[in-house]
Amino acid sequence: MSTLHVVSHSPFSDSRLDSCLRICGAEDAILLCGDGAYGLHAPALQTKGIKVFVLAEDMQARNLPLPDWADSVDYPGFVQLSLDYDKVNSWL
Numbered sequence: 001m002s003t004l005h006v007v008s009h010s011p012f013s014d015s016r017l018d019s020c021l022r023i024c025g026a027e028d029a030i031l032l033c034g035d036g037a038y039g040l041h042a043p044a045l046q047t048k049g050i051k052v053f054v055l056a057e058d059m060q061a062r063n064l065p066l067p068d069w070a071d072s073v074d075y076p077g078f079v080q081l082s083l084d085y086d087k088v089n090s091w092l
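The sequence shown begins at 1 in the UniProt record's numbering and counts up by one.
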C-alpha cells in the first residue's frame, strides 16, 4: 500500500522529516510544503531514493532551486497526488 507523506516543517528545526524517512517504503513519496520545502537541502532526501515532490508555490516563495531528483507540483497536482496514493499521512 503506497503512502504520500506530507511534510510541512523545516528539517532544520525538528526531526519530522527524519522520522518520515525511517518509515518510507519503496512505493511511498514525500511532498514538501510550507517550510518543509527547505527539505530540498536535506542530504538524506538525496540519498534515500524516495520520490520527492515540492509544492511549487512554497518553493518559489522561499527562492529555492528545484534539484534534478525532485518534482514540483501546483495545488491541483497536490490533489492529484492525494488521489494517486492509497493513503496520505501529514506529519503535523
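Using N, Cα and C, we set each Cβ at its ideal position, and we do this for glycine too.
Owing to the predicted nature of the structure, the values given are computational and were not obtained by experimental measurement.
| Of the listed residues ALA61, ALA44, ASP18 and GLN46, nearest to CYS33 (C-alpha basis) | With distances taken between Cα atoms, CYS33 lies closest to ALA61.
| field | Spatial distance of ALA37 from GLU27 (CA atoms) | value | ALA37 and GLU27: Cα-Cα distance of roughly 21 Å.
| task | Give every residue of the same chain whose Cβ lies closer than 6 Å to the Cβ of VAL6, excluding the five residues on either side of it in the sequence, and list them in chain order. | result | The residues are LEU31 and SER90.
| message | Tell me the rounded alpha-carbon separation between ASP68 and VAL88. | response | Distance between the alpha carbons of ASP68 and VAL88 is about 24 Å.
| For VAL54, is the classification buried or exposed, using 16 other Cβ atoms within 10 angstroms of its Cβ as the cut-off for buried? | Buried.
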